Structure formats: C-alpha cells, structure tokens
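Each residue of the first sequence is one higher than the last, beginning at 47 in my numbering.
One structure is given below, encoded as structure tokens.
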Amino acid sequence: MRIATWNVNSINARLENVLAWFEAEQPDVAALQEIKCIDENFPAEPFETLGYNVAVHGQKTYNGVALLSKTPLEDVRRGLPEVPGDDHARYIEAVTGGATPVRVGGIYLPNGNPIGTEKFTYKLNWFSRLRDHAINLLALEEPLVLLGDYNVIPGPDDADKPEGWLGDALFQPESRAAWRALKNLGLTDAYEQVDGSPGGFTFWDYQAGAWQRNHGIRIDHALLSPQAADVLQSVIIHRDVRDTEKPSDHVPVVIELAL
DNA sequence: ATGGTAGACCTTCTA
Numbered sequence: 047m048r049i050a051t052w053n054v055n056s057i058n059a060r061l062e063n064v065l066a067w068f069e070a071e072q073p074d075v076a077a078l079q080e081i082k083c084i085d086e087n088f089p090a091e092p093f094e095t096l097g098y099n100v101a102v103h104g105q106k107t108y109n110g111v112a113l114l115s116k117t118p119l120e121d122v123r124r125g126l127p128e129v130p131g132d133d134h135a136r137y138i139e140a141v142t143g144g145a146t147p148v149r150v151g152g153i154y155l156p157n158g159n160p161i162g163t164e165k166f167t168y169k170l171n172w173f174s175r176l177r178d179h180a181i182n183l184l185a186l187e188e189p190l191v192l193l194g195d196y197n198v199i200p201g202p203d204d205a206d207k208p209e210g211w212l213g214d215a216l217f218q219p220e221s222r223a224a225w226r227a228l229k230n231l232g233l234t235d236a237y238e239q240v241d242g243s244p245g246g247f248t249f250w251d252y253q254a255g256a257w258q259r260n261h262g263i264r265i266d267h268a269l270l271s272p273q274a275a276d277v278l279q280s281v282i283i284h285r286d287v288r289d290t291e292k293p294s295d296h297v298p299v300v301i302e303l304a305l
C-alpha cells in the first residue's frame, strides 16, 4: 500500500497538475493539505473517476484538508478533538485499506509565523492537541500513519541553509521540541527510518529563486505507529514535481507499507 | 540589502 501526502496550495488552482500526478502514480491513499476551498467546491468527480473515495474537511480561502483512497474511508474524523473557537480545518482522519486496514491522519500544522505572536502560540497549542490525540490513537495498537505538512524543520540537515531559518517559526527550538515530543511517544519518522540522507527536501519557496538554488526544507513528514513501522518498505520524495507546470511549493511524499 | 512569488479575493492576509 502506497500512501501519499501533498500540500497542493489550492486544489482548484492546481487541479490539472495534481490530476496528472495521480494518473501517473496512482497512490492507494493520499492526504492533501491547503485545498483552500469549502467542502462543496472540492473537485471530487475527477478523483472519483480515477477510482478514489473522497473525504473533505474544507474551509474558505485558507487551510482545508482531504483524504483520498481507493478503498472506502471509514470512521472519518474531521478536526482534532473539540476546542471552542478553533475553526481552522487542519486535520482529517479515517480508516482504510484491505485485510489489514490502516488509520491515516492528514495533518496541516499551523505555520506559526511570525514568532512572538499569537500565531506561534497557536502552533504550539495545536502541536500539543495533536500529541494528546496521538496518545489515544497509539493505545489502539494498530497500523497508524500521521502524515502531512508539519511545518517543522526537524534539524539542520533538513534545510539547505539552516542559518536562514533561525528566526522562523518552522525552526524554533520550541517547534522542534514539540516535534520530538510527538515522535517520542513511540512514533517513527518514515524518512529517517529508510533514507535519512541530508537534503531530502519537500518544500521550496516560490520566492527568490529558491527552487533554482535548491534552497529547500524538509517539512512534510510521515510518522508511523510501531505496527506501521514494522511494515515500512520505502519513502520517495517526488522532487521532480516541483519542476512541472504551475507547481505547488510542496512536492508529494509517498511511503510504501507491506499491507 | 529586507526583496522576491503565489493564491484567494476586495484590499489585505497567509504562506
């Protein structure tokens, strides 16, 4: 089973580009982030034509996440456990697959910039809520994949120019500590597990020729429960997608599980 | 040196 994550930066602006990739790669499951539309405006039909079931947790203008799967999406959860006043659509979860199903959580973690503002506090709070939820999910002792745009650069090897990110929310000690605190519950970073080589970037800014200069960062991650890590086969960053027509600033990351 | 680009959308916010 191949499971993809991709921050598409507007599904409607990106539809042609995204569909071309799905037609070519045919992942079994995919988590999309930053769809930037409400549920009714998600272009489900072309994905259904490709054989996907679709679940959407949308939002006007900002954020928005979706899950696509070749097998039915069951036990769908939209949003982390309730917090009054939080209307950001950043989490969607479902169980899908064949004989041994997998629980997939699609994550669009807050960016948190600029630091020193309520946006950074919101990021850390969101991280804490995700950790609380992960504790409950891990207690199920089943194959679990929490993947998406975590908006965290885990370490200096995960940026082409780490010194340029020192003042950024993505590389703050608090953000990195929150990432480790999540991982240290007993989750495995798929990339570290099967590759781990420096320079495995997943995002290049549109600005200042970041792609051309390879000023990239690794911020799209897949965390696995022990039951999923046991059957992890590979991780592939689809770097070439950054060079296609009208690309997202993120590229797809695909993990393969022997399920 | 403090830009540069992209998307949604109404003039500015988010990334």
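Glycine included, each C-beta is placed from N, C-alpha and C at the ideal position.
All values reported here derive from a predicted model rather than from experimental measurement.
Coarse secondary structure for residue i, derived from DSSP in three states
| i | result |
| --- | --- |
| serine 174 | helix |
| aspartate 276 | coil |
| valine 198 | coil |
| glycine 242 | coil |
| leucine 228 | helix |
| glycine 255 | helix |
| histidine 179 | helix |
| alanine 215 | helix |
| alanine 236 | helix |
| valine 148 | strand |
| glycine 262 | strand |
| leucine 184 | helix |
| threonine 142 | strand |
| glycine 50 | The sequence given here has alanine at residue 50, not glycine. It is a strand residue. |
| phenylalanine 247 | coil |
| glutamate 291 | coil |
| alanine 205 | strand |
| alanine 268 | strand |
Integer Cβ distance of residue i from residue j, believed to fall under 8 Å
| i | j | result |
| --- | --- | --- |
| aspartate 79 | glycine 194 | Note on identity: in this sequence residue 79 is glutamine, with aspartate being the wrong assignment. Indeed they touch by this definition, with Cβ atoms about 5 Å apart. |
| leucine 126 | leucine 119 | Incorrect: roughly 18 Å between the Cβ atoms, too far for contact. |
| alanine 101 | valine 122 | 5 Å |
| leucine 303 | methionine 47 | 5 Å |
| threonine 146 | proline 189 | 7 Å |
| isoleucine 49 | valine 150 | 6 Å |
| leucine 216 | valine 198 | 6 Å |
| valine 129 | arginine 175 | 7 Å |
| proline 208 | tryptophan 225 | At roughly 15 Å, the Cβ-Cβ gap does not stay under 8 Å, so proline 208 and tryptophan 225 are not in contact. |
| alanine 275 | threonine 234 | 4 Å |
Buried or exposed (CB count within 10 angstroms, at least 16 for buried), residue i
| i | result |
| --- | --- |
| glycine 213 | exposed |
| serine 221 | buried |
| asparagine 109 | buried |
| leucine 3 | Residue 3 cannot be examined here, being either before or after the span of the chain that is shown, 47 to 305. |
| serine 115 | buried |
| glutamine 218 | buried |
| threonine 95 | exposed |
| threonine 107 | exposed |
| tyrosine 252 | exposed |
| valine 280 | In the sequence on display, residue 280 carries serine and not valine. Label assigned to serine 280: exposed. |
| glutamine 105 | buried |
| glycine 144 | exposed |
| lysine 82 | buried |
| glutamate 139 | buried |
| alanine 236 | buried |
| aspartate 307 | No information on residue 307 is available, as it lies outside the stretch 47 to 305 that the chain covers here. |
| alanine 66 | exposed |
| isoleucine 283 | buried |
| glycine 152 | buried |
| glycine 162 | exposed |
| aspartate 241 | exposed |
| arginine 60 | buried |
| asparagine 58 | exposed |
| asparagine 53 | buried |
For this session: State whether the region 159-168 contacts the region 243-255, with contact taken as three or more CB pairs (one from each stretch) at a distance under 8 Å.
Result: Contact between the region 159-168 and the region 243-255 is absent, with fewer than three C-beta pairs closer than 8 Å.
For this session: Enumerate, from N- to C-terminal direction, the unbroken alpha helix (DSSP H) stretches of 4 or more residues contained entirely within the region 53-138.
Result: Secondary structure within the region 53-138: the alpha helix (DSSP H) runs of 4 or more consecutive residues, fully enclosed, are 61-71 and 90-95 (chain order).
For this session: Report yes or no: do three or more beta-carbon pairs, one from the region 191-205 and one from the region 264-284, lie closer than 8 Å?
Result: Short answer: they touch.
Exercise. Three or more beta-carbon pairs under 8 Å between the region 292-303 and the region 250-266, yes or no?
Worked result: Yes, they touch.
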